[in-house]
């Protein structure tokens, strides 16, 4: 392979890595939108909390002298999912549920308020500076021609792919096979009718927030380990990117969120490959605008018909 | 012998200054088909919305088996055994026929999330029971062979029947059908006619019907209520309604 194609391959790997975490976060946006037609702007903060919890748990366990990395990571994952889901559920309970049935704009403003609240809550409790964690998973494979360009695929990237893939598979099985998943799909098609069939839709909505938060926590753990730093403001930009991914793929569609995340990640990596990396946001949001101009409902979304 | 299932007294619904329904009384006994007819805009659907909990009636009482249900939430009312369909089909279009039937049984399958993930024997048994129950009703309405088809791909008449089947798996005592024959061809209307009679005679439930198709209404109703401009106009059996001068006037205008 030529130097150029090896370079592209490297950027593709990097892009898919970031893209799969965008996809994990994007699912939280898209599921909530699919059911209650609301953008949960506090979702990025849930991801950020997931990252913080991961750091705290890892530091704590290492302080206790536990040396086995897999055990540390599994405990961190479980705790991060549990705490983020609790936050996700609580946010829905206190900030959105009381506003259900009102004008669409009102929960949106509440969501922005919740986002600012959580951000500042973390600033106050954890400080506003970057918190760093030494790399836990190092090394990787190098291939390609060392004299031309060496492509590296780190173990961390492989972990990100694997965990994302497993999470997505579990989610798909849950949605398509389980009784609760069936109820979720029913809610996203016709919330009122689902309610009329005697299903407690508030429970299903709460479950949606919990599932979305759990996936965001997984992304928080993965990206936290990948970058090695976290601060209270990472949720904002990650949330914005994931939201973009959800809209790109067609908000309300779960496969759309997965696809949108990957496309966005690869686009960013490819842009960074040829232009100064500051331009990557310009290109990715430009891509969003372009797609929305030609397909307003996103790549896999269905056109929204206003219900009368 | 036949007990009173639904007893509506003085039902009134006001939207601001507009009186949509004014003092409507309805009685439905066990194993009875009761129809509500009236010109367009008479307030028939508003009555349904009040009974099923979509609206909270301004005045009046709605007794279901000696229990006041006016003011309850829609899902609470449906849990008490009063379920309804809508003028337009409201199926879960992207889900298969059988999934539509299973969602309707969601609350009867009292399992938790964990047992669903682990597929415990109890969960399997409940899922199997729900499947059998769904299949039974699909057979009753003649849709068993379409069980794995997406609901949105069924013909209109089939979608109508699926809606009724989906209501029936929730084990209602009173089924309220809002213009079930709208948009059906004569053949499909006849099938619907037979289905409704079968629901009463074999499955022993009561049906409250809003319908414009007079041949359907006159042919199957045990009792008919006529509403015009939100106010009760007449009630009686088919013969009495056909001969009622007020009803003829409301439908055809003054001579």
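Chains as they are written, first to last, in the numbering used here: chain L, 15 to 322; chain G, 233 to 487. C-beta atoms are modelled at their ideal positions from N, C-alpha and C, and glycine is treated no differently.
Short check: CB of residue 338 (chain G) to CB of residue 213 (chain L), under 8 Å?
yes
Short CB-CB distance (under 8 Å) between residue 315 (chain L) and chain G:
With 8 Å as the cut-off, residue 315 (chain L) does not count as an interface residue toward chain G.
Within the region 265-307 of chain G, ranges of the alpha helix (DSSP H) (whole runs, at least 4 residues):
276-283
Compute the Euclidean distance between the alpha carbons of residue 369 (chain G) and residue 336 (chain G), then round it to the nearest angstrom.
12 Å
Whole-angstrom C-beta distance between residue 113 (chain L) and residue 124 (chain L), which should lie under 8 Å:
The distance from the Cβ of residue 124 (chain L) to that of residue 113 (chain L) is about 6 Å, consistent with a contact at the 8 Å cut-off.
Just to make sure I have the definition right: I need the residues of chain G whose C-beta is within less than 8 Å of the C-beta of residue 203 (chain L). Which are they?
324, 325, 326, 327
When you compare only the Cα positions, how much space is there between residue 174 (chain L) and residue 404 (chain G)?
50 Å
Take residue 334 (chain G) and list the residues in its own chain whose beta-carbon comes closer than 7 Å to its own, dropping the five residues that flank it on each side.
362, 366
Kindly list the residues whose CB is nearer than 6 Å to the CB of residue 235 (chain G), restricted to its own chain and excluding five residues on each side of it in sequence; keep chain order.
262
Can you tell me which of the three DSSP states residue 68 (chain L) falls into?
helix
Can you say whether residue 191 (chain L) is buried or exposed, counting buried as having 16 or more other CB atoms within 10 angstroms of its CB?
Residue 191 (chain L) is exposed by the Cβ-count criterion.
With C-beta atoms as the reference, is residue 198 (chain L) less than 8 Å away from residue 215 (chain L)?
no
Backbone CA spacing between residue 240 (chain L) and residue 149 (chain L) [nearest angstrom]
Counting only the Cα atoms, residue 149 (chain L) lies some 8 Å from residue 240 (chain L).
I'd like the list of long-range same chain contacts for residue 24 (chain L), defined as Cβ closer than 6 Å, with 5 residues on each side in sequence excluded.
165
Residue 276 (chain L) at chain G interface by Cβ criterion, 8 Å:
no
Min CB distance residue 306 (chain G) to chain L below 8 Å
yes
Does residue 440 (chain G) get closer than 8 Å to chain L when you measure Cβ to Cβ?
no
For a contact meaning CB atoms closer than 9 Å, what does residue 4 (chain L) contact in chain G?
Look at the range of chain L in this structure, 15 to 322, and you will see that residue 4 (chain L) is not part of it.
Of the choices L:89, L:208, L:227, whose alpha-carbon is the least far from that of residue 311 (chain G)?
L:208
Could you tell me which of L:223, L:46, L:27, L:58 sits nearest to residue 252 (chain L), measuring between CA atoms?
Ranking L:223, L:46, L:27, L:58 by Cα distance to residue 252 (chain L) puts L:58 first.
Excluding sequence positions up to five away, which residues of its chain have a Cβ less than 6 Å from the Cβ of residue 162 (chain L)?
17
Per-residue burial, residue 395 (chain G) [other beta carbons within 10 Å of its own, 16 or more giving buried]
It counts as buried.
Using beta carbons (cut-off 8 Å, strictly below), is residue 89 (chain L) in contact with chain G?
no
Determine which residues share a DSSP beta bridge with residue 233 (chain L) and list them.
In the DSSP output, where bridge partners are listed per residue, residue 233 (chain L) has none listed.
Please report how far the alpha carbon of residue 252 (chain G) lies from the alpha carbon of residue 289 (chain G), in whole angstroms.
11 Å
Which word fits residue 233 (chain G), buried or exposed, when buried means at least 16 other C-beta atoms lie within 10 angstroms of its C-beta?
Because residue 233 (chain G) sits at a pLDDT of 44, beneath the cut-off of 50, its placement in the model cannot be relied upon, and the point is left open.
Can you check which of these residues, L:39, L:84, L:28, is closest to residue 256 (chain L) by C-alpha distance?
L:39
According to DSSP, which residues form a beta bridge with residue 463 (chain G)?
G:460
Quick check on residue 14 (chain L): buried or exposed, where buried means 16 or more other Cβ atoms within 10 Å of its Cβ?
Because chain L is modelled from 15 through 322, residue 14 (chain L) falls outside the range shown and cannot be assessed.
Within the region 349-421 of chain G, note down every full alpha helix (DSSP H) run reaching 4 residues or more, in order along the chain.
353-372, 388-400
Counting along the chain, where does the alpha helix (DSSP H) carrying residue 37 (chain L) start and finish?
Residue 37 (chain L): member of the alpha helix (DSSP H) spanning 17-50, first to last residue.
If we call anything under 8 Å between Cβ atoms a contact, is residue 266 (chain G) one with residue 424 (chain G)?
No; because the gap between Cβ atoms is not below 8 Å, this pair is not in contact.
Chain-order list of residues whose beta-carbon lies under 6 Å from that of residue 55 (chain L) (same chain, five-residue window excluded):
125, 126, 129
Please work out which residues of its chain come closer than 7 Å, Cβ to Cβ, to residue 293 (chain L), disregarding the five sequence neighbours upstream and downstream, and give them in chain order.
Take residue 293 (chain L), set aside five residues on each side of it, and the residues of its chain with a beta-carbon closer than 7 Å to its own are 285, in chain order.
Nearest residue (CA-CA) to residue 189 (chain L), options L:210, L:95, L:222
L:222
Any idea what DSSP makes of residue 316 (chain G), helix, strand or coil?
strand
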